Amino acid sequence: MYDAATMHISSRSTAALLAVTAALCAPAAARAADAPAAPLITLTAARAVGTEAVTVSGTAPTGSTLDVSLYVRYSRDLPTVLVSRSAVATKDGRYQATLRTAPAYFRDAILTVVVRDPATGSDARATLNVAAPNVPAPPDETPASVQH
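So the mapping is simple: the numbering used here equals the position in the sequence shown, first residue as 1, plus 24.
Structure, rendered in structure tokens:
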């Protein structure tokens, strides 16, 4: 209860109720401003043509040391496997790394790259499929004499 003569709230439960009401009725922007946003990490991942590797690049806060991990999923019946992990430092807000996929040589296996900043907990992910390490060449074609 509010005592107008003393200008005080007379019970703790009423004070708690008023505090909760004030928090719930505060504008959404005021509540969101209290929680700082984690720095953004961007990620681009692509197969490195001519080799069993994936190249990753992107942006992150300058001076960060990022954990770059490569996972492979062969089948829904098998667990996901960590293929590679490395630490990469950002320079001028950019990073780049090449991750070997040699242990994950099964075609059409699903690769997931995760770039994480341990200091902030923010991360970025990209997924791609394992494919042949090179572009098709004439020897890859079935000879006309063998075709039916």
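Don't be surprised by glycine CBs; every beta carbon is placed ideally from N, CA and C. Being a predicted model, the structure only gives us computed values, none of them experimental.
Nearest-angstrom Cβ-Cβ length linking residue i and residue j, presumed shorter than 8 Å
i, j, result
"V138", "D147", "6 Å"
"I134", "N158", "That belief does not hold up - the Cβ atoms of I134 and N158 are roughly 20 Å apart, past 8 Å."
"R140", "L67", "Actually they do not touch by this definition, with Cβ atoms about 10 Å apart."
Host beta strand (DSSP E) of residue i (start-end)
i, result
"L102", "Unbroken run through L102: none, as it is neither H nor E."
"S81", "A77 to T83"
"T68", "T68 to R71"
Bridge partner(s) assigned by DSSP for residue i
i, result
"V138", "S93 and R149"
"R109", "S93"
"R118", "T83 and K115"
"R124", "A77"
Beta-carbon proximity of residue i to residue j, cut-off 8 Å
i, j, result
"V107", "A121", "no"
"A155", "R71", "yes"
"G87", "T114", "yes"
"T136", "T125", "no"
Nearest candidate by alpha-carbon position, reference residue i, set the options
i, options, result
"V92", "V80, V73 and L64", "V80"
"Y95", "A143, F130, R109 and L67", "R109"
"P85", "A143, A69, P167 and A77", "A143"
"T75", "G117, I65, L123 and V105", "L123"
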